[in-house]
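Following: one structure in structure tokens, then a few remarks.
Numbering (my numbering), first residue to last: 43 to 306.
Take a look at the structure:
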């Protein structure tokens with residue numbers, strides 16, 4: 043068995059300013075978004091995007107991710123705690139960002155961007171879908187460094203089973219790294235390949251919804267589930283799994299619609 047290395051969450055300090063690894067992971071995510079976005083623009087010039095538009099898009103996306111992600115954590119997972127400790131809502135360096143909240147925040151931000159810059163909503167989401175998963179991978183690495191969102195108990199014979207001493211002495215799945223590999227790198231490879239050629243409008247967005255929904259649904263079986271507001275729905279599913287179900291269904295409906303439109 044492995045032992046969690048108890049990584050200092052502070053990457054470095056400059057005087058009174060401490061820079062946390064979790065924040066650096068978000069910075070890496072945004073840098074990857076820009077780098078991959080410029081590459082995507084070059085390989086698909088017919089999409090009609092420019093580097094300046096990409097930079098503006100990132101600005102909107104950052105606001106959507108941070109505001110939506112934090113509000114999602116507050117409303118979906120720990121409303122009681124944060125309503126009792128409202129100032130903790132601002133302590134994003136401690137972790138606690140909901141993907142589903144950030145996803146909704148980004149959708150609102152993309153809609154606002156489209157209205158201002160005269161871009162269609164689905165045109166925008168199809169463009170950014172392949173650029174998002176590497177950022178998700180970076181975020182999961184940040185979760186691992188923070189020692190949060192640990193996995194369920196694992197068979198001690200599993201070679202990579204890990205004990206998180208700050209939790210207990212049980213061997214556990216390092217589910218943060220599973221998610222970084224699955225929802226991050228694997229989903230990126232799928233979307234980057236799929237978006238290499240022209241696809242029907244909405245199709246790339248649909249692949250993102252279905253791909254993330256299915257992969258996250260699976261990964262939740264290895265992760266200690268957060269209670270959340272939907273855990274009472276039963277069925278043995280976590281709040282995150284319940285939130286993934288509509289993503290998958292909407293993605294399937296979008297793909298069917300996109301293919302039918304393309305056929306006419």
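Built from N, CA and C at the ideal position, the CB exists for glycine as well.
From the options, residue whose alpha carbon lies closest to that of residue i
i, options, result
"residue 200", "211, 186, 216, 208", "216"
"residue 211", "196, 147, 304, 157", "196"
"residue 297", "177, 245, 101, 153", "245"
"residue 145", "132, 115, 157", "115"
"residue 119", "57, 227, 143", "143"
"residue 240", "76, 87, 113", "87"
"residue 153", "305, 105, 123", "105"
"residue 64", "295, 82, 139, 281", "139"
"residue 220", "202, 236, 237", "202"
"residue 72", "161, 83, 173, 84", "173"
"residue 78", "57, 107, 235, 279", "235"
Residues near residue i by beta carbon distance below 7 angstroms, same chain, minus five either side
i, result
"residue 292", "251"
"residue 254", "225, 229, 289"
"residue 46", "189, 204, 205, 206, 207"
"residue 169", "89, 91"
"residue 67", "180, 181, 183, 184"
"residue 222", "179, 182, 183"
"residue 242", "300, 301, 303, 304"
"residue 167", "152, 247"
"residue 266", "192, 193, 194"
"residue 70", "180"
For residue i, the residue or residues it bridges with in DSSP
i, result
"residue 214", "195, 204"
"residue 60", "55"
"residue 44", "204"
"residue 265", "193"
Endpoints, alpha helix (DSSP H) assigned at residue i
i, result
"residue 169", "163 to 170"
"residue 296", "281 to 305"
"residue 142", "141 to 159"
"residue 50", "Looking at the DSSP string, residue 50 is not in any alpha helix (DSSP H), and its letter there is neither H nor E."
"residue 94", "93 to 114"
"residue 122", "121 to 126"
"residue 179", "175 to 188"
"residue 230", "229 to 236"
Cutoff 8 angstroms; reference residue i; Cβ partners in own chain excluding five residues on either side
i, result
"residue 61", "52, 53, 54, 55"
"residue 98", "155, 159"
"residue 232", "249, 253"
"residue 294", "248, 252"
"residue 80", "93, 96"
"residue 308", "For residue 308 there is no data in the structure shown, the boundaries of the chain being 43 and 306."
Exposed unless 16 or more other CB atoms sit within 10 angstroms - verdict on residue i
i, result
"residue 49", "exposed"
"residue 44", "exposed"
"residue 171", "buried"
"residue 213", "buried"
"residue 304", "exposed"
"residue 157", "exposed"
"residue 164", "buried"
"residue 101", "exposed"
"residue 238", "exposed"
"residue 93", "exposed"
"residue 125", "exposed"
"residue 133", "exposed"
"residue 129", "exposed"
Same chain, Cβ closer than 6 angstroms to residue i, five either side skipped, listed in chain order
i, result
"residue 283", "259, 262"
"residue 176", "74, 230"
"residue 110", "143, 144, 146, 147"
"residue 270", "118, 119, 281"
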